[in-house]
Amino acid sequence: MNIKGSKILVTGGAGFIGSHIVDFLLRQGAAVRILDNLSFGTMENLVGVKDDIEFIQGDILDPETVAKSVKGMDIVSHHAAQLEIFVAAEDPSWDLKVNTIGTLNVFEAARQAGVGRVVNASSACVYGQKDGLTTETDSRKPNWAYGVSKLAAEEYGRIYSETKGLDVVSLRYSIVYGEREWFRRVLPIFLKRALDGKPPVVFGDGNQIRDFVHVEDVVRMHDACITDDRAVGEMFNVSTGIGVSVVELAQAVAKLFLDDPQIIHEQVAEGKPSAQIPGKRRNAAELKAMLLAPDKAKILLDWEPKVPLEEGLRREYEWAKAHPHRWGKILNSNWNV
Ligand SMILES: NC(=O)c1ccc[n+]([C@@H]2O[C@H](COP(=O)([O-])OP(=O)(O)OC[C@H]3O[C@@H](n4cnc5c(N)ncnc54)[C@H](O)[C@@H]3O)[C@@H](O)[C@H]2O)c1
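Under my numbering, read the sequence shown as residues 382 to 718, first letter to last.
Right under this line is the structure:
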């Protein structure tokens, strides 16, 4: 399917991933509307496209606003969410409400408006603690409240696909990185320190394995899911299948961007604040491994990740360097970081 001329709503389009999707859709000739409450995203992510989009500032928890936003759309890309692990742990009701009721509002409005397809941003967090490569058919047992709400949203999507005639595709993102990634995650903090000439700080031994997928690859996968009918009703890992430990990530950043490629280890108990990184707490109940097999997307949609980690790190570093004001504080955050 060619999306030129298609009308596409992107919820969460002022955020990190959503804004990259918006850029891509506009380049393909789609007409883009965005629904975002700007609780976490920023109009700065849309500055290059502000004259080419329709922007609705509103909340996915408000069914009327969602219905108004969905009206007349051919496709919905649903990326608005509460995704802060600490917020979910401290206020699971709020997390559940935004991610589940908000998503249901989007599905129901899309069904009523006769939308052709919804792409729903899900998360690797639906799986919880796993050893080795995780595939889509593996059991799901989230370790964080956030994973529970994302899993519920995904299951509602499946039900809407199977019983209500709405085509929903869910994408289980691993760790998405790249330009505009929000501050206070591990990689942006490493990069910010490197920009200041300081070594990365690794909490504990840093042996946790993570799967970093570049946002450009995510955008290509998203495109495959709106253009290819084989995606309908499916859920896909969106990942590289390449495990990188946090300490390896720190070493890569130090090697690429520091004259003296040292790293620092800080012993921080899970859930406790760091002495080295003001405002940063170590996640509680951390996953030892998050590594998702991308094979299903390759077999069914001929998609595979293309951006090598080193290139992705260079791009994000250059972006961070060009946007120092985005890094001085924790953006739009009202919790105690
Ligand atoms: N970034 C990752 O590594 C990652 C990994 C797995 C899943 N995801 C999922 O991808 C999606 C996008 O994540 P992101 O990293 O771009 O996050 P983000 O915070 O940058 O983007 C989310 C956007 O949604 C908006 N938003 C939040 N609550 C809203 C509400 N109630 N109503 C309307 N808008 C609201 C925010 O203002 C923000 O612009 C989310 O669904 C997230 O759960 C992201």
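No residue lacks a Cβ here, since even glycine has one placed at the ideal position from N, Cα and C.
Predicted model, so just to flag it, every value in this text is computed and none were measured.
Based on Cα-Cα distance, which residue from the options lies nearest to residue i?
| i | options | result |
| --- | --- | --- |
| Asn588 | Gly394, Ala631, Met424 | Ala631 |
| Thr518 | Val507, Gly528, Ile384 | Val507 |
| Val457 | Lys702, Asn486, Lys478 | Asn486 |
| Thr621 | Ala469, Glu435, Leu690, Asp512 | Leu690 |
| Ile389 | Ala491, Ala494, Ala412 | Ala412 |
| Asp455 | Ile441, Lys478, Lys449, Ser387 | Ser387 |
| Leu427 | His459, Lys636, Glu560, Arg492 | Glu560 |
| Glu651 | Phe584, Val447, Ile623 | Phe584 |
| Val468 | Phe421, Arg591, Leu673, Val582 | Phe421 |
| Tyr537 | Asp604, Gly614, Glu597 | Gly614 |
| Gly493 | Asn501, Asp641, Lys636, Ser450 | Checking the displayed sequence, the identity of residue 493 turns out to be Gln instead of Gly. Closest option to Gln493, Cα to Cα, is Ser450. |
| Glu572 | Val391, Trp708, Arg414 | This sequence places Leu at residue 572; Glu is not what is there. If we check each option's Cα against that of Leu572, Trp708 comes out closest. |
Determine the burial state of residue i: buried for a count of at least 16 other Cβ atoms within 10 Å of its Cβ, exposed for fewer.
| i | result |
| --- | --- |
| Lys687 | exposed |
| Asn715 | Caution applies to Asn715, whose pLDDT of 39 falls short of 50 and renders its modelled position unreliable; the model cannot decide the point. |
| Val661 | Residue 661 is actually Lys in this sequence, not Val. Classification for Lys661: buried. |
| Glu445 | exposed |
| Thr515 | buried |
| Thr544 | exposed |
| Gly453 | exposed |
| Glu692 | exposed |
| Arg611 | exposed |
| Ile680 | exposed |
| Ser520 | exposed |
| Asp548 | buried |
| Ala461 | buried |
| Asn713 | Bear in mind that a pLDDT of 41 at Asn713, under 50, signals an unreliable position, so the model cannot answer this. |
| Asn383 | exposed |
| Lys653 | exposed |
| Ala656 | exposed |
| His704 | exposed |
With a CB to CB cut of under 7 Å and the five nearest residues on each side skipped, what residues in its chain are close to residue i?
| i | result |
| --- | --- |
| Leu668 | Gln510, Asn524, Gln589 |
| Lys702 | Leu576 |
| Glu629 | none |
| Val430 | Val403, Asp404, Leu407 |
| Lys531 | Asn480, Ser503, Ser504, Cys506, Val507 |
| Asp512 | Ala670 |
| Gly497 | Asp455, Ile456, Asp548 |
| Phe638 | Ala575, Tyr698 |
| Ile482 | Leu442 |
| Asp440 | Asn418, Thr446 |
Mind checking whether residue i and residue j have CB atoms under 9 Å apart?
| i | j | result |
| --- | --- | --- |
| Leu552 | Ser474 | no |
| Ile466 | Asn664 | yes |
| Ala490 | Ala526 | no |
| Leu682 | Ala633 | no |
| Ile556 | Phe564 | no |
| Gly396 | Leu416 | no |
| Asp609 | Leu672 | no |
| Thr484 | Ala534 | yes |
| Ile434 | Val599 | no |
| Pro581 | Ile540 | no |
Which same chain residues end up closer than 6 Å to residue i when comparing Cβ atoms and leaving out the 5 residues on each side of it in sequence?
| i | result |
| --- | --- |
| Val529 | Pro523 |
| Ala666 | Asn524 |
| Pro675 | Asn618, Ser620, Gly622 |
| Leu568 | Tyr558 |
| Gln463 | Asp476, Val479, Asn480 |
| Glu685 | Lys679 |
| His401 | Val596, Val600 |
| Val649 | Phe584, Ser655, Arg663 |
What do you reckon, is the C-beta of residue i under 8 Å from a heavy atom of ligand 3?
| i | result |
| --- | --- |
| Gln463 | Looking for ligand 3 in the displayed structure turns up nothing; the ligands present are ligand 1. |
Could you confirm whether any beta carbon from chain B is found closer than 9 Å to the beta carbon of residue i?
| i | result |
| --- | --- |
| Tyr554 | Here there is only one protein chain, and chain B is not present. |
Whose C-beta lies closer than 8 Å to the C-beta of residue i among residues of the same chain, with five residues either side of it excluded?
| i | result |
| --- | --- |
| Lys385 | Gln409, Gly410, Ala411 |
| Met602 | Leu552, Phe617, Val619, Ala678, Leu682, Trp684 |
Checklist entry - In chain order, which continuous runs of the beta strand (DSSP E) of length 3 or greater are located wholly inside the stretch 524 to 570? => result For the beta strand (DSSP E) assignment, the uninterrupted runs of no fewer than 3 residues enclosed by the stretch 524 to 570 are, from N- to C-terminal side, 549 to 554, 556 to 558.
Next on the checklist: Which complete beta strand (DSSP E) runs does the stretch 587 to 671 hold, if anything under 3 residues is left out?
Outcome noted: Segments of the beta strand (DSSP E) lying fully in the stretch 587 to 671: 593 to 595, 616 to 619, 645 to 647.
Item to check | alpha helix (DSSP H) segments (min. 4 residues) lying fully within the stretch 667 to 697 | outcome: 676 to 682, all fully within the stretch 667 to 697.
Checklist entry - Which runs of the alpha helix (DSSP H), 4 residues or longer, sit entirely within the stretch 439 to 520? => result If one requires a minimum length of 4 residues, the alpha helix (DSSP H) runs lying completely within the stretch 439 to 520 are 444 to 451, 466 to 471, 473 to 477, 483 to 494, in chain order.
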